[in-house]
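Novice: First, the structure itself, so that you have it in front of you.
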Ligand code: GLN
């Protein structure tokens, strides 16, 4: 809930306070190494950006350092897929939390190749297939879209990250081939994986990511350029999925502690929103055992605790 006192809070002081209190958490957690290139990062880094629908912006720490957005980008591909497939998509991917790790294969066999939700890897690969099967230039269109919503024309894929993901992405390749065997992947598997690894390898900073999520805090319309990227109904659905599935099998704990719909990535970023008010991105590469940034989740918990605002 948002009250007017909270809106006029001294945001920069609150964010600075969080930046101080978060220090003990910055060396905790483990940097992801199953994609070798992800290890090339300073574990203790911490950045935070808060951007408001009304145009105000506040940042702290390493907020202008680029990092690998990884699964945060599943929100961008799902936004693209919504525009192509609308409700057809839900015949091929579910809407329930998985309760399993984000890259699990087990559930997929029991459920006949239909992934639980669009934010686990299998679901995002089906979403990737929808984009690849429908867009003229799938990856370029998505990069242009991300540049537009973040207001940063220089956003690009980190090629080393892309190649690292491609060379070591055997589990994702297995998921894609497995789903193809059930008829749930239409396009060529390699083209689908190239698109998926491509958007996961986007390199952005906290400010870019926070701004790119602002349309989700504003019923699908970006307040900075007035473009409608999702209908109000689609934005509601996206935010509901973010709350229930956006932080993998820790989504319940994240909702309990933070109280915001959010999406994390194994690069250590987490983006979250408060509808009608703001979006936030935090980044710190040390992850908890579920693959979510440890200091990042703590910083968001501190944010909603100190300000008294959340979606509830
Ligand atoms: N590219 C990563 C993968 O496929 C994304 C995972 C994540 O951020 N959770 O494993």
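In this note's numbering, the protein residues as written are 1 to 312. Heads up, the beta-carbon is just placed ideally off N, CA and C, and yes, glycines get one too.
Name the residue from 135, 182, 150 whose alpha carbon lies nearest to the alpha carbon of residue 191.
Specialist: Checking every option, the nearest Cα to that of residue 191 belongs to 135.
Novice: Can you give me the C-alpha to C-alpha distance between residue 196 and residue 46, rounded to a whole angstrom?
Specialist: Answer to the nearest angstrom: the Cα atoms are 26 Å apart.
Novice: Are the beta-carbon atoms belonging to residue 72 and residue 263 less than 8 Å from one another?
Specialist: Yes, these two residues count as a Cβ contact at 8 Å.
Novice: Look at the alpha carbon of residue 306 and the alpha carbon of residue 199, and state the distance between them as a whole number of angstroms.
Specialist: Roughly 34 Å separates the two Cα atoms.
Novice: Name the one or two DSSP bridge partners that residue 283 has.
Specialist: According to DSSP, residue 283 bridges with 47, 269.
Novice: By how many angstroms is the C-alpha of residue 99 removed from the C-alpha of residue 17?
Specialist: The straight-line gap from Cα to Cα measures roughly 34 Å.
Novice: Are residue 119 and residue 267 close, meaning C-beta to C-beta below 8 Å?
Specialist: Contact: no.
Novice: Quick one: residues with CB closer than 6 Å to any heavy atom of ligand 1, in chain order, please.
Specialist: Every residue passing the under-6 Å Cβ criterion appears here: 70, 71, 102, 103, 121, 165, 172, 200, 265, 266, 291.
Novice: Out of 308, 170, 148, which one is the CA nearest neighbour of residue 103?
Specialist: Considering only alpha carbons, the answer is 170.
Novice: Taking the alpha carbon of residue 155 as the point to measure from, which residue in 252, 43, 194, 140 has its own alpha carbon closest?
Specialist: If we check each option's Cα against that of residue 155, 140 comes out closest.
Novice: Measure the C-alpha to C-alpha separation of residue 345 and residue 189 and round it to an integer number of angstroms.
Specialist: The first residue shown for the chain is 1 and the last is 312, placing residue 345 beyond what the model contains.
Novice: Buried or exposed for residue 58, going by 16 or more other Cβ atoms inside 10 Å?
Specialist: It is buried - the Cβ of residue 58 has at least 16 other Cβ atoms within 10 Å.
Novice: Go ahead and label residue 164 buried or exposed: buried means 16 or more other beta carbons lie within 10 angstroms of its beta carbon, across all protein chains shown.
Specialist: Per the 10 Å Cβ criterion, buried.
Novice: Would you say the region 239-259 touches the region 178-187, given that touching needs at least three Cβ pairs under 8 Å?
Specialist: Too few Cβ pairs lie closer than 8 Å, so no.
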